[in-house]
Amino acid sequence: MNSRLGAAVLAVVLVAYPFVDQAVGLHTVHAVSDGMIYMLLALGLNIVVGYAGLLDLGYAAFFAIGAYAMGLLNSPVLGSPLYGHAWSFWLCIWVAAAVSALLGLVIGAPTLRVRGDYLAIITLGFGEIIPVAIRNLGDVTIEIGGWRPIERLNLTGGENGVNPVGRPYLPGVPFETDPVPWYFLILIIGAASVWAMTRLRDSRLGRAWMAIREDETAADCTGVNPVSTKLLAFALGASFSGFAGSVYAAKLQAITPGAFEFQVSIMLLCMVVLGGAGSIRGVVLGAMLITVFDRVILSQTTFLVRGIGRTLGVPALVSLDLTLWRWFFFGLGLVLVMLLRPQGLAGRRVQPLAGADVDEAAALDAAPPRVEAIPRWLREQIATGPVAQADALLDVRGLTKAFGGVVALNAVDLVVPRGGIIGLIGPNGAGKTTFFNVVTGLIRPDAGRLTFAGASLVGLRPNAIVARGIARTFQSIRLFQYMTVLDNVLVGEHCRLEARVAGAVLRPPRVRAEEARARERARSLLTFVGLSGKEDELARNLPYGDQRRLEIARALATEPRLLLLDEPTAGMNPRESHTLTDLIGLLRRELSLSILLIEHDMQVVMRISDRITVLDYGTRIAEGTPTEIQRHPRVIEAYLGTGAPQEPVVPGV
Amino acid sequence: MGGHFGAPHFHMTWWEVLVQQTINGLTRGAVFALIALGYTMVYGIIELINFAHGDVFMLGLFISLAWFGLLGVTGTLGGWQLVTVLPLVFVLTMLTTAGLNVAIDRIAYRPLRRSPRLAPLITAIGVSFMLENVALLWKGPAPIAYPDVFPSVDILREWFGIDSAIFLTTKDVLVVVATIPLMIALTYFVRRTRWGKAMRATAQDRETAQAMGIDVERTILVTFLVGGALAGAAGLIQGMYYNIGMWWMGYQAGLRAFTAAVLGGIGSMGGAALGGLVIGFLSAWSDQYISARWTNAIVFSILIIVLVFRPHGLLGERTPDKA
Chain D
1 MNSRLGAAVL
11 AVVLVAYPFV
21 DQAVGLHTVH
31 AVSDGMIYML
41 LALGLNIVVG
51 YAGLLDLGYA
61 AFFAIGAYAM
71 GLLNSPVLGS
81 PLYGHAWSFW
91 LCIWVAAAVS
101 ALLGLVIGAP
111 TLRVRGDYLA
121 IITLGFGEII
131 PVAIRNLGDV
141 TIEIGGWRPI
151 ERLNLTGGEN
161 GVNPVGRPYL
171 PGVPFETDPV
181 PWYFLILIIG
191 AASVWAMTRL
201 RDSRLGRAWM
211 AIREDETAAD
221 CTGVNPVSTK
231 LLAFALGASF
241 SGFAGSVYAA
251 KLQAITPGAF
261 EFQVSIMLLC
271 MVVLGGAGSI
281 RGVVLGAMLI
291 TVFDRVILSQ
301 TTFLVRGIGR
311 TLGVPALVSL
321 DLTLWRWFFF
331 GLGLVLVMLL
341 RPQGLAGRRV
351 QPLAGADVDE
361 AAALDAAPPR
371 VEAIPRWLRE
381 QIATGPVAQA
391 DALLDVRGLT
401 KAFGGVVALN
411 AVDLVVPRGG
421 IIGLIGPNGA
431 GKTTFFNVVT
441 GLIRPDAGRL
451 TFAGASLVGL
461 RPNAIVARGI
471 ARTFQSIRLF
481 QYMTVLDNVL
491 VGEHCRLEAR
501 VAGAVLRPPR
511 VRAEEARARE
521 RARSLLTFVG
531 LSGKEDELAR
541 NLPYGDQRRL
551 EIARALATEP
561 RLLLLDEPTA
571 GMNPRESHTL
581 TDLIGLLRRE
591 LSLSILLIEH
601 DMQVVMRISD
611 RITVLDYGTR
621 IAEGTPTEIQ
631 RHPRVIEAYL
641 GTGAPQEPVV
651 PGV
Chain X
1 MGGHFGAPHF
11 HMTWWEVLVQ
21 QTINGLTRGA
31 VFALIALGYT
41 MVYGIIELIN
51 FAHGDVFMLG
61 LFISLAWFGL
71 LGVTGTLGGW
81 QLVTVLPLVF
91 VLTMLTTAGL
101 NVAIDRIAYR
111 PLRRSPRLAP
121 LITAIGVSFM
131 LENVALLWKG
141 PAPIAYPDVF
151 PSVDILREWF
161 GIDSAIFLTT
171 KDVLVVVATI
181 PLMIALTYFV
191 RRTRWGKAMR
201 ATAQDRETAQ
211 AMGIDVERTI
221 LVTFLVGGAL
231 AGAAGLIQGM
241 YYNIGMWWMG
251 YQAGLRAFTA
261 AVLGGIGSMG
271 GAALGGLVIG
281 FLSAWSDQYI
291 SARWTNAIVF
301 SILIIVLVFR
311 PHGLLGERTP
321 DKA
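As you go down the protein sequences, you meet chains D and X in turn. All residue numbers for the first sequence refer to our numbering, where the first residue is 1 and numbers rise by one. All residue numbers for the second sequence refer to our numbering, where the first residue is 1 and numbers rise by one.
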């Protein structure tokens, strides 16, 4: 109720403000409208930096493209045959947003493969190229050996920019003379943008962005396509700045290339970082603080200091001009925020990490898994009726992978039958995790066949393999640390959901139902693994054992038919480990889920595996039932070295 | 950084223009190489694009100017001063910028060693803005004249009596002669000394280096020290060569030098030197044959193309991300 009241008060204030301003005679409506344009830009940048975690240092370029799209299409003066027809403002803002988004895609497509800091530099380079291009394209002459096919062509207005730019036309609304209609136009665009961004954030797409930000590899292995997800963030972020740029151009009635330099990108970054990247409220706050600081505090403090200087008779103070220091303060602000409060002013406070020791109380809570707790939907989605054990679900033949001279996998064969539990063991460095990485698509094999349910997996991206029905956990837990427990599981459902941008924003009944069902399913999964009641905690704040179980819940949410578990009981105490073993057994029994298990705890492996494959130096040295493996001479040799006693010494049941 | 110096005369033949611009490119490239080494060393060791590095170079120019002022030098240095005052100013400037670079690391980067990678990059941008504004407030917005401390002699004409349109001066020689010993000293330092070994080990694997008893923080400090000193030397050379300094030149030069480091293969010292020369030549040729106003766009296009299609550069090693 309280937040609703707050929203109502805010709405009344925003609507009443320009009239109060005019009545009192403050004349601040223009300045506030400009501030809101920058706020809109900062919000667009927040999609890229805050949600998707891609540092964009050239965001002002998209602002420029939006502004020039408006300027060039809606100006009568530029004597180019291409444009100068003064299109309608209402058409131009959409064209500007579309052009910006398109350029976001064009820039993004080749660059998103590179690492985070390289991406930042590429965007910076792009941000430098655009103003240079705008300046120089105002006077294009091409000369080829005396022949001039193009002479003094003015494409962009050059250094002088475009002036005038047409204003919007609405019958009876005085956009020419009055700042108030501008205020409301920008307010409406801003409010609609915030509304759309909030809905995007809370959708399947927003969760995918954040998953990529937290851990790109883990997101890929949970069914999120990193490339298309990042591209979408880039394009959407760019489209918001296209809107902002086009309105800015029409409001100022003139644009020059100087308005889109690197400094603008940095000021926007300041707004995002100061308020708290990833928080809409924070970015709004940051934008307000920086605008007020820049436009009001610096100049007013200068007046104040000069006044003090005059009374005290200090000439240094009288001639002081703090507005010259503005970029110094922006720089200082960036440093201080990152050092003192990296999550920003409004960012979520993060508890200090729980100790590495297993929380005893939590361990007691972890109740043994119950058959009734298996979510019904999961049963229906996964179970495909009774199947013959012999039917191979995963069939690996001659899998080979070398890193330089080191052969990590050497012609390995392995079969996982439907509903089987297969153990994969071997000394450290035997190639077990490499095997997982090849099966899940993180590493391309050099040779070998890899068939899942009859279809080859070679060459598929990890997220496509997840969609086929293979899910995994990681040896060192890889959760999306700064997302909630519930959101972690929801990311797992990503590849089974369908909402796209329009659906996520407009939320038709179909999307609403899908999202409600997804949440319902995620909750039931959390209950099943014993994490109910912890849905809203950040994943990083969970105790160790809970994190392991959450990773399994996330994997199950992808509705797998084969589950790859990489040392699931590592670091657990015997009771927890026992509970988890029961859970794995239950999954197989009740859901006929197939499981491939890397495990160092021999008791666990021997107890639950149907068959075991042993790797040593990348080569399969043994395959058989647990009893056979315990007696296998080469296994004993691999584990204990030669000259070991000839009895079965592998610790077993 | 337009070379008002030795700009081609209108009556030059095509090959004289090419030679002249190649000389320009060589001197530019030498300065880029010195700055690029600082980028590449820091990136190699802590994987940070030290955005403020170009501004340390810019401050190096102004600091060297201040040292000349303190030593009472206002005009061209004569005979014995060239072997006493000039080396002294080199040392003083390099010490100052080395200290500045270490201070930047201590204050802005070191507390963030365990933070996500983008956090120190953001503070680096912040520091860059602060340094630029310090220079702006110190020296004012207008370009600052740098005294003609190094004697400029038209070598071809005055020493060899060749009447050529090509303009090769003692300053061009100075740039190369000052850069080469620095490069040799650096190579020796990195290849042969204990600290150099520690740096290379830390760059390869910080944790293992630590386990082997290398004081990693100390090694990082030495890296910033050396990088800052080289940037200071580059600033001094730039000032003596072009006789002008601007508060905004660090950003431009820094981006070109970073491009050079990336082109050569970031983390590779030889690559930084090579990349510096290549960018020097390309920018000089682009000024001449395309148009100076497009040079920036061309340099950045090279940067983008290299990062996307050959991120390990010309000489860098391919380092796959671990899964």
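Virtual Cβ for every residue (Gly too), placed ideally from N, Cα, C.
Below-8 angstroms beta-carbon distance, residue i vs any chain D residue
| i | result |
| --- | --- |
| residue 143 of chain X | no |
| residue 2 of chain X | Here the model assigns residue 2 of chain X a pLDDT of 39, short of 50, so the residue's position is not dependable and the matter cannot be decided. |
| residue 64 of chain X | no |
| residue 137 of chain X | yes |
| residue 32 of chain X | no |
| residue 216 of chain X | no |
| residue 301 of chain X | yes |
| residue 123 of chain X | yes |
| residue 126 of chain X | yes |
| residue 243 of chain X | no |
| residue 294 of chain X | yes |
| residue 257 of chain X | no |
| residue 307 of chain X | yes |
| residue 311 of chain X | yes |
Of the listed residues the options, nearest to residue i (C-alpha basis)
| i | options | result |
| --- | --- | --- |
| residue 165 of chain X | X:274, X:20, X:212 | X:20 |
| residue 170 of chain X | X:154, X:179, X:160 | X:154 |
| residue 545 of chain D | D:602, D:477, D:505, D:497 | D:477 |
| residue 519 of chain D | D:503, D:485, D:552 | D:485 |
| residue 130 of chain X | X:269, X:87, X:58 | X:58 |
| residue 223 of chain X | X:12, X:71, X:101, X:80 | X:101 |
| residue 330 of chain D | D:262, D:343, D:403 | D:262 |
| residue 196 of chain X | X:136, X:41, X:258, X:144 | X:41 |
| residue 597 of chain D | D:416, D:463, D:479, D:32 | D:416 |
Identity of the residues DSSP links to residue i by a beta bridge
| i | result |
| --- | --- |
| residue 456 of chain D | D:451 |
| residue 654 of chain D | Absent from the model: residue 654 of chain D. The displayed extent of chain D is 1 to 653, so no value can be given. |
| residue 203 of chain D | DSSP output for residue 203 of chain D lists no bridge partner at all. |
| residue 423 of chain D | D:597, D:612 |
| residue 131 of chain D | Residue 131 of chain D is not bridged to any residue. |
| residue 415 of chain D | D:395 |
| residue 245 of chain X | X:144 |
| residue 160 of chain X | None, per the DSSP bridge assignment. |
| residue 147 of chain D | D:144 |
| residue 484 of chain D | D:538 |
| residue 71 of chain X | Note: residue 71 of chain X sits in no beta bridge, so no partner. |
| residue 403 of chain D | D:406 |
Unbroken beta strand (DSSP E) run spanning residue i, endpoints
| i | result |
| --- | --- |
| residue 155 of chain D | Per DSSP, residue 155 of chain D belongs to no beta strand (DSSP E) and is neither H nor E. |
Nonlocal neighbours in the same chain, by C-beta distance under 6 angstroms from residue i, ignoring five residues either side
| i | result |
| --- | --- |
| residue 208 of chain D | 224, 229, 494 |
| residue 109 of chain X | 120 |
| residue 521 of chain D | 377 |
Min CB distance residue i to chain X below 8 angstroms
| i | result |
| --- | --- |
| residue 117 of chain D | yes |
| residue 209 of chain D | no |
| residue 298 of chain D | no |
| residue 81 of chain D | Residue placement at residue 81 of chain D is flagged as unreliable, the pLDDT there being 48, under the threshold of 50; the coordinate-derived value follows with that caveat. It does not: the Cβ of residue 81 of chain D has no partner Cβ on chain X nearer than 8 angstroms. |
| residue 55 of chain D | yes |
| residue 330 of chain D | yes |
| residue 45 of chain D | no |
| residue 64 of chain D | no |
Boundaries (first-last residue) of the alpha helix (DSSP H) holding residue i
| i | result |
| --- | --- |
| residue 562 of chain D | Per DSSP, residue 562 of chain D belongs to no alpha helix (DSSP H); it is in the beta strand (DSSP E), 562 to 566. |
| residue 114 of chain X | Residue 114 of chain X -> no alpha helix (DSSP H), and no H or E assigned at all. |
Contacting residues, own chain, Cβ-Cβ under 8 angstroms from residue i (five flanking each side not counted)
| i | result |
| --- | --- |
| residue 121 of chain X | 48, 49, 51 |
| residue 3 of chain D | none |
Close-in-space but distant-in-sequence residues of the same chain around residue i (CB under 7 angstroms, 5 per side omitted)
| i | result |
| --- | --- |
| residue 401 of chain D | 408, 409, 434, 438, 443, 445, 446 |
| residue 465 of chain D | 440, 441, 457 |
| residue 95 of chain D | 69, 73 |
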